[in-house]
Structure formats: C-alpha cells, structure tokens
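Asks: Once you've had a glance at the structure underneath, I'll fire off some questions.
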Amino acid sequence: MPPAEPGSPARLVLVDQNDLLIEMISACLERAPAIAIAGSAKTGGEAIALVEQLRPEVVLLNLTLPDMSGLTALRRMKTLPDPPIVIVMTFHCSNAARAAIRELGADDCIIKSEVTRTLSPMVERLLGRRKLDGPAPV
C-alpha cells in the first residue's frame, strides 16, 4: 500500500498486547480527523510484518511485547525503506527518558495514561516536522 496522499489522514499502526488499550486508543482516534487506524498488532513480529505490508506513516509502539523488546521492533522498523514515525508508549516518560528513547531511534515517546489526550497533536507535530525536514536518515 503506498503512503497516504497529501491532505489525507496519516495511517497509524497500534502495537500493544492489551486488547482493551488498543480498543480505547482506536475509539479515541475515531474523533481525530488527521489520523486513521491502519491496523494493530500484539507482538513485535506481527508489527514489523504489518509495517512492511501497510507502510503506515506512524506506529504507536509499546516497549513491552511478548516476543521481543519494543526497542528491537523499533530498530527493525527504522531499517525499512521510508521508515514510519515511531512513537514509543511507556508508563513514565521524563525528559531524560524521552532523550534516551530518541537516541535509540524513536521519534518521540508518550505516557500511556496520556495517549488519548496527547497522541493526535503529537502525530500532527511529527508529521509537520517530517514534511519540513524530509524523512529521517536511517
């Protein structure tokens, strides 16, 4: 599937083993016109395959996955051609943690308890920055 056309919603893949969290985030994003859920995955392996198949603009990735670390999945996604923006979900994201996660290749991190409130503006900011700067080097 080719990348989204300019002006269309950014396609997002949700990666978390918790069905309830995926449903909650999906329901919240139904009200966000700039984001469309392209798919969801419960494991890192599923997530990588889905990203390769769908080529979404954004991935919301939990750090804790049943088959591999979210950081391993992140590194693999970032080696793909035209890699997606990857936002890591965590329970605590201090400025130091955010900087460390960015150094590991993520575009940003988001606190799980704040996803429904802050995800949409964060995605819009990151997509806007990507349009200005072009895709990040791998």
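Each residue of the sequence shown is one higher than the last, beginning at 493 in the numbering used here. Idealized CB from N, CA, C, for every residue including glycine. Every value quoted in this text rests on a predicted model; they were computed, and no experiment measured them.
1) Would you list the one or two residues that DSSP bridges to Gly531?
2) With respect to the alpha helix (DSSP H) encompassing Leu513, which residues constitute its N-terminal and C-terminal limits?
3) Which stretch, first to last residue, makes up the beta strand (DSSP E) that contains Met581?
4) Please classify Glu549 as buried or exposed, where buried requires at least 16 other C-beta atoms within 10 Å of its C-beta.
5) For His584 and Thr535, what's the separation of their Cα atoms in angstroms?
6) If contacts are defined as beta-carbon pairs under 8 Å, then Met581 and Leu555 qualify, I think. What distance do you get, rounded to the angstrom?
Replies: Answer, in terms of the structure:
1) The residue given as residue 531 occupies position 39 in the sequence shown. In DSSP, Gly531 forms a bridge with Val505.
2) As a position in the sequence shown, residue 513 is number 21, starting the count at 1. Note, Leu513: alpha helix (DSSP H), 511-521.
3) Within the sequence shown, numbered from 1, the residue matching residue 581 stands at position 89. From DSSP, the beta strand (DSSP E) with Met581 extends over 577-582.
4) Residue numbering aside, residue 549 sits at position 57 when the sequence shown is read from its first letter. With 16 or more other Cβ atoms within 10 Å, it is buried.
5) Your numbering for residue 584 matches position 92 in the sequence shown. Your numbering for residue 535 matches position 43 in the sequence shown. Their backbone Cα atoms lie some 21 Å apart in a straight line.
6) Against the sequence shown, residue 581 aligns to sequence position 89. Against the sequence shown, residue 555 aligns to sequence position 63. Contact flag correct, Cβ pair sits at about 7 Å.
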